[in-house]
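> My structure is below; once you've seen it, I'll send some questions.
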Amino acid sequence: MRTTRRLPAPAGARPSAVAAMAVTAGLALATLGACTTAGSSADTASDPKSVAAGGDTTVSPLPPGKYKTLPQPCTAVDLDTLKGLVPGAKDYAGAESLTYDTDRRVGCSWHTDAVAGAASRTLSVDFERAVSYDPNVSDEVQAETDFERRAANASIPPVAPGSTPTTPASPTATATGTDPSTGQSAGTGSDGSSPDLLPRRLTDLGNGGFINDVLKTSANGPKRSVTVVFRTANVVVSVTYAATEPRGSAPATSADLQKGARDVAGELERKVEG
């Protein structure tokens, strides 16, 4: 049988006072217990990782991306290729792009000497290594997100199930490129001669790519710019090959510029993959 031990009352205390002291002590203990319980619940609720991981607040980051470095941009394109695509350049060493973190992004460009009334060519390349700061998103997923954002900005249609990305859906469509800097239509991309030159997805570069073809008319003459963008693992590569013709001349053909841009993209893919 369980017995209850009574504590002796303080000397001179009346029975009513003793009872009051006991009630006060009991209320204080109950309040302390309630505060402790509520505090534990609040701490747990404020830490979503604890809830998601069953109380374990340690979240292991995903492994880093495949590529830890980027190629030297101004030596990434073969000299013979440069001489063929950018004839008459004053310096084939190239002009390196200004970036604030060469571990993350590098670029280079080449151009023919500006001569009034003459055609000119410009080639630029850009490498960007994606790094995710979200422990639940890998570097490759981040690179894919960046790539898809570029495709959306250029109004490149997504790949439809069962279709061939390098072949436009409509053989009679007029190719209209989109200027990525403005998101606006910038002209006919294929001279209306071949639907195979439409801005489109590419499947023969890295983990996927796209090609965009933009024609603008200015006071200096028609300028066509062809851009090829592709992703390989956690690196996104961009090639832009542009041609400006003298005022009153026909614009450079899409076929020539697209071939040049794709040839350079193939070289850069090999450089990245080592």
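Position 267 of the sequence shown, counted from 1, bears residue number 271 in the working numbering, the numbering being contiguous throughout.
C-beta: ideal position from N, C-alpha, C; glycine also.
Please report how far the alpha carbon of Ala206 lies from the alpha carbon of Ala97, in whole angstroms.
Reading off the sequence, residue 206 comes out as Leu, not Ala. Distance between the alpha carbons of Leu206 and Ala97: 30 Å.
> From which residue to which residue does the alpha helix (DSSP H) around Asp260 run?
Ser258 to Glu277
> Since Asp217 is in the alpha helix (DSSP H), which residue starts that stretch and which ends it?
Element bounds for Asp217: not the alpha helix (DSSP H) but the beta strand (DSSP E), Gly213 to Ser222.
> With DSSP as the reference, label Val145 as helix, strand or coil.
helix
> Determine the DSSP secondary structure at Leu33, reduced to helix, strand or coil.
Below a pLDDT of 50, predicted positions are generally treated as unreliable, and Leu33, at 41, falls in that range; no measurement from the model is reported.
> For Thr79, does the three-state DSSP call read helix, strand or coil?
Residue state for Thr79 is assigned as helix, using DSSP reduced to three classes.
> Identify the continuous beta strand (DSSP E) that holds Lys94 and give its terminal residues.
Element bounds for Lys94: n/a, residue is neither H nor E.
> Measuring alpha carbon to alpha carbon, tell me which of Leu261, Tyr104 and Asn216 ends up nearest Asn157.
Asn216
> How would you write the range of the beta strand (DSSP E) that Asp208 sits in, first residue to last?
First-last for Asp208: undefined, no H or E at that position.
> I need the DSSP call for Asp130, collapsed to helix, strand or coil.
Strand.
> Which first and last residues belong to the beta strand (DSSP E) in which Gly111 is found?
Per DSSP, Gly111 belongs to the beta strand (DSSP E) from Arg109 to His115.
> So which of Pro255, Asp267 and Glu132 has the shortest CA-CA distance to Lys72?
Glu132
> Okay, do the segment 253-263 and the segment 225-245 touch, 3+ Cβ pairs below 8 Å being the bar?
Here the segment 253-263 lies against the segment 225-245, with 3 or more beta-carbon pairs under 8 Å apart.
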